[in-house]
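Colleague: Residue 15 in my numbering is what sits at position 34 of the sequence shown, and the numbering runs on without skipping anything. Heads up, the beta-carbon is just placed ideally off N, CA and C, and yes, glycines get one too. Quick caveat, the model's predicted, so the values are computed rather than measured. Take a look at this one; I'll ask things after.
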Amino acid sequence: MGPWQAARRFVRTLVDMRGRTVLPEVRRVEVHLYGSLAKTGKGHGTDVSVVLGLEGRDPESEDVSLIAEAAATIRQRRVIELAADSSSSSGRIDFEYGRDILFFRDRMLDYHPNGLEFVVEFSGGDDIRRTYYSIGGGFVVEEGDEGQSRETVELPFPIDTAEALLGHCRNGGVSCSQIVRANMVAWHGERRLREGLKRIAETMVECVWHGIRATDSLPGGLGVHRRAPRIGRALLGDVLPASPQELVEAVSRQARRVSEAGGGFEQVTRWVSCFALAVNEQNAGFGRVVTAPTNGAAGVVPAVLLYYRCFVAGADWDGVERFLLVAADVGSLFKKGATISAAMGGCQAEIGVSSAMAAAALAEVCGGTPEQVMQAAEIAMEHHLGLTCDPVGGLVQIPCIERNTMGAIKAITAVNIALAGDPAEAIVSLDRVIDTMWDTALDMNSRYKETGEGGLATHIPINVIEC
Ligand code: SF4
């Protein structure tokens, strides 16, 4: 997602450079991938996303079912249309994957392990280069802008730490979601905020629904089979729900039946696992997911959100909004205080953070006090500290897909512990666990930070097809 956004940002600078478009003067574009982006770029689809970004395609609206075909066409024709979405004249140039995308596996740029550079040669003989960093969760910074905040809105409740959020809650006698909502309304306005939350919630459920109904196999050559469709069929029977809404209703009905019969634990774990697997199998198959906080960890928050919608009595739309608001803010606490980039912090920054986000969100909608909400996030992260990133073959499949199920189940367990406890007795706060995560990230050997050079990545014999 980050490299895609970087490529889009870059071509937009060509559309408006020195007050005019310079696209027709572009003779050649070279993309240089550094560090972790180079080491796992093929498995993560970085080359494909960069090319689509150079064409100006929007990752949020692009028809994901056509991505593989679009990339294959570019590869075959050896031509790309720079900023094809722009109204100004676009630039059609020769482009060869093997020649024009360079993977510098042994070079790391200083600011961040996920660096990429665009080098443009103009017909007049001059050239320019721009460097970007993919800092996690689809966020991108351009060289020269590092450390600069894009925030232009004065928020009613500034939040940089969990303690600050708790302070606002205590002062106003309000919940975490009320504070976050007030900030988000200041930022986006009530209508845009509600539309955005609706779109996120719907995209999450659609992703699970598609994942359960999928029949294709996962790309990349590892031979990983989709398991969500199998589990979904085992739980629901062969006639699968015809829409995302029907899926929610069918699971909710089943949950009520089992609960009335006095059961539920096995069913909860199977469904939550199924939801998480469905999302991350979609991610591995280049389907549309909600980055939360990253694509590799995109299954945890939807799995716990669906747990709330299907298994928690009294779940409603207001709860869904509150869930997402709190999840987002906890993710941003980690982004501000540590990192959400596996290249910086290993998998604790992805699955660990997503689990903490989901735990806080679920605690909020299950009636937790602000202290219990923060405690749930703390517990979830505490037991992901040190989690390494070691994707086999550089693909976001092993251990990534299963790991989302663990993050989701741990989040639910963390909520049960937090709601049953007294936060006044807690010894570790969320802020301290964020500090610890960051220290652990700094100490972690780079082999375990999305380089595919340690752990499972070196112990599993593979034959990955480069596509
Ligand atoms: S191991 Fe974790 S951090 Fe690494 S790619 Fe997989 S999900 Fe992301």
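Which residue comes first and which comes last in the alpha helix (DSSP H) that contains F304?
Modeller: As a first step, residue 304 is located in the sequence shown; it is residue number 323 there, counting from the start. Per DSSP, F304 belongs to the alpha helix (DSSP H) from 298 to 318.
Colleague: Could you tell me the distance, in whole angstroms, from the CA atom of G375 to the CA atom of T432?
Modeller: What you label residue 375 is simply residue 394 of the sequence shown in a count that begins at 1. What you label residue 432 is simply residue 451 of the sequence shown in a count that begins at 1. Between G375 and T432, the C-alpha separation is close to 7 Å.
Colleague: Use the C-beta contact count for I390: other C-beta atoms within 10 angstroms, 16 or more gives buried, fewer gives exposed.
Modeller: By 1-based counting over the sequence shown, the position of residue 390 is 409. Buried: at least 16 other Cβ atoms inside 10 Å.
Colleague: Please list the terminal residues of the continuous beta strand (DSSP E) segment that includes T112.
Modeller: On the sequence shown, residue 112 is found 131 positions in, with the first residue counted as 1. That run of the beta strand (DSSP E) goes 108 to 117.
Colleague: State buried or exposed for L47, treating a residue as buried only when at least 16 other CB atoms are found within 10 Å of its CB.
Modeller: On the sequence shown, residue 47 is found 66 positions in, with the first residue counted as 1. With fewer than 16 Cβ atoms within 10 Å of its Cβ, L47 is classed as exposed.
Colleague: From Q353 to A361, what distance separates their C-alpha atoms?
Modeller: In the sequence shown, residue 353 corresponds to position 372, counting from 1. In the sequence shown, residue 361 corresponds to position 380, counting from 1. Approximately 12 Å, taken between the alpha carbons.
Colleague: Going by beta carbon distance, what residues of the same chain come within less than 6 Å of Q378, once the five residues before and after it are set aside?
Modeller: The residue given as residue 378 occupies position 397 in the sequence shown. Only L203, V205, A265 meet the Cβ criterion.
Colleague: From which residue to which residue does the alpha helix (DSSP H) around L343 run?
Modeller: Residue mapping note: residue 343 aligns to position 362 of the sequence shown, counting from 1. Unbroken alpha helix (DSSP H) run through L343: 332 to 346.
Colleague: Pull the bridge partners of I82 from the DSSP assignment, please.
Modeller: Counted from its first residue, the sequence shown places residue 82 at position 101. Note: I82 sits in a beta bridge opposite V12.
Colleague: Any chance the CB of C370 is under 7 Å from a heavy atom of the ligand SF4?
Modeller: Locating residue 370 in the sequence shown gives position 389, counting from the first residue. Flag set: Cβ of C370 near the ligand SF4.
Colleague: Please return the same chain residues whose Cβ sits closer than 6 Å to the Cβ of E182, not counting the five positions on each side in sequence.
Modeller: Taking the first residue of the sequence shown as 1, we reach residue 182 at position 201. Looking at the sequence provided, one finds Ala at residue 182 rather than Glu. The answer, listed in chain order, is V301.
Colleague: With DSSP as the reference, label L178 as helix, strand or coil.
Modeller: Position 197 of the sequence shown, counting from 1, holds the residue named residue 178. In the structure shown, L178 sits in a helix (DSSP, three-state: H, G or I).
Colleague: Measuring alpha carbon to alpha carbon, tell me which residue in L83, A(-13), R(-1), R86 is nearest G37.
Modeller: Within the sequence shown, the letter at position 56 stands for residue 37. G37 has its Cα closest to that of A(-13), out of L83, A(-13), R(-1), R86.
Colleague: Flag this pair as yes or no: are the beta carbons of G(-17) and N95 separated by less than 8 Å?
Modeller: Translated into positions along the sequence shown, residue -17 becomes position 2. Translated into positions along the sequence shown, residue 95 becomes position 114. Yes, the pair counts as a contact, with Cβ atoms nearer than the cut-off.
Colleague: Assign V220 to buried or exposed, taking buried as 16 or more other Cβ atoms, counted over all protein chains shown, within 10 Å of its Cβ.
Modeller: Translated into positions along the sequence shown, residue 220 becomes position 239. Counting Cβ neighbours within 10 Å, V220 comes out exposed, since fewer than 16 surround it.
Colleague: Does DSSP put F120 in a helix, in a strand, or in coil?
Modeller: Position 139 of the sequence shown, counted from the start, is the residue given in the question as residue 120. In this structure, F120 counts as strand in the three-state DSSP scheme.
Colleague: Helix or strand or just coil, what does DSSP make of I61?
Modeller: Looking up residue 61 in the sequence shown gives position 80. If DSSP states are grouped into helix, strand and coil, I61 belongs with the strands.
Colleague: Cα-Cα, which of C157, T386, V189, R9 is closest to R80?
Modeller: Along the sequence shown, read from residue 1 onward, the residue named residue 80 stands at position 99. Looking at the Cα atoms, R9 is the closest of the given residues.
Colleague: Identify whether S30 lies in helix, strand or coil by the three-state DSSP scheme.
Modeller: Stepping through the sequence shown from its first residue, residue 30 is reached at position 49. Reduced to three states, the DSSP call for S30 is helix.
Colleague: Helix, strand or coil: which one does DSSP assign to G268?
Modeller: Counted from its first residue, the sequence shown places residue 268 at position 287. G268 falls in the coil class under three-state DSSP.
Colleague: Do three or more CB pairs link the segment 106 to 116 to the segment 54 to 63 at distances below 8 Å?
Modeller: Taking 8 Å as the limit for Cβ pairs, the verdict is that the segment 54 to 63 does not touch the segment 106 to 116.
Colleague: CB E11 to CB V100, shorter than 8 Å?
Modeller: Walking along the sequence shown from the start, residue 11 turns up at place 30. Walking along the sequence shown from the start, residue 100 turns up at place 119. In contact: E11 and V100 (Cβ atoms closer than 8 Å).
Colleague: Spatial neighbours of S464 within its chain, please: C-beta separation below 6 Å, excluding the five flanking residues on both sides.
Modeller: Only positions -18 to 448 of the chain appear in the structure, and residue 464 is not among them; the question remains open.
Colleague: With 16 as the cutoff for other CB atoms within 10 Å, does S115 come out buried or exposed?
Modeller: For the purposes of this step, residue 115 is taken as the residue at position 134 of the sequence shown. Buried.
Colleague: Of the residues Y92, P139, V134, S17, which one's Cα is nearest the Cα of F84?
Modeller: One-based indexing of the sequence shown puts residue 84 at position 103. F84 has its Cα closest to that of S17, out of Y92, P139, V134, S17.
Colleague: Kindly examine the ligand SF4 and report whether one of its heavy atoms sits closer than 7 Å to the Cβ of R59.
Modeller: For the purposes of this step, residue 59 is taken as the residue at position 78 of the sequence shown. R59 Cβ: outside cutoff for every heavy atom of the ligand SF4.
Colleague: Considering only the alpha carbon of each residue, which of A407, T142, L90 lies closest to F315?
Modeller: Taking the first residue of the sequence shown as 1, we reach residue 315 at position 334. Selected option, being the one with the closest Cα: T142.
Colleague: Among F103, L217, K317, which residue has its Cα nearest to the Cα of L228?
Modeller: In the sequence shown, counting from the first residue as 1, residue 228 sits at position 247. Nearest C-alpha to L228: L217.
Colleague: Pick helix, strand or coil for I212, following the three-state DSSP scheme.
Modeller: As a working note, residue 212 is residue 231 in the sequence shown. I212 falls in the helix class under three-state DSSP.
Colleague: Taking the C-alpha atoms as reference points, what is the distance between P137 and A438?
Modeller: What you label residue 137 is simply residue 156 of the sequence shown in a count that begins at 1. What you label residue 438 is simply residue 457 of the sequence shown in a count that begins at 1. One C-alpha to the other measures close to 46 Å.
Colleague: Counting only the same chain and skipping the five closest in sequence on each side, list residues whose C-beta sits under 7 Å from that of R(-11).
Modeller: By one-based count along the sequence shown, residue -11 stands at place 8. G34, G37.
Colleague: Cα separation between A340 and L4?
Modeller: The sequence position of residue 340 within the sequence shown is 359, counting from 1. The sequence position of residue 4 within the sequence shown is 23, counting from 1. Each residue's alpha carbon lies about 47 Å from the other.
Colleague: Taking only three categories from DSSP, how would you classify M89?
Modeller: Within the sequence shown, the letter at position 108 stands for residue 89. Residue state, collapsed to three classes: coil.
Colleague: Relative to the ligand SF4, is the shortest distance from any of its heavy atoms to the C-beta of R194 smaller than 7 Å?
Modeller: The residue given as residue 194 occupies position 213 in the sequence shown. No, Cβ of R194 sits at least 7 Å from all heavy atoms of the ligand SF4.
Colleague: If you drop the 5 nearest sequence neighbours on each side, which residues of the same chain put their C-beta closer than 6 Å to that of P225?
Modeller: By 1-based counting over the sequence shown, the position of residue 225 is 244. These residues qualify, in order along the chain: V186, E187, W190.
Colleague: Report yes if the C-beta of E431 is less than 7 Å from at least one heavy atom of the ligand SF4; otherwise report no.
Modeller: The residue labelled residue 431 in the question sits at position 450 within the sequence shown. Flag set: Cβ of E431 near the ligand SF4.
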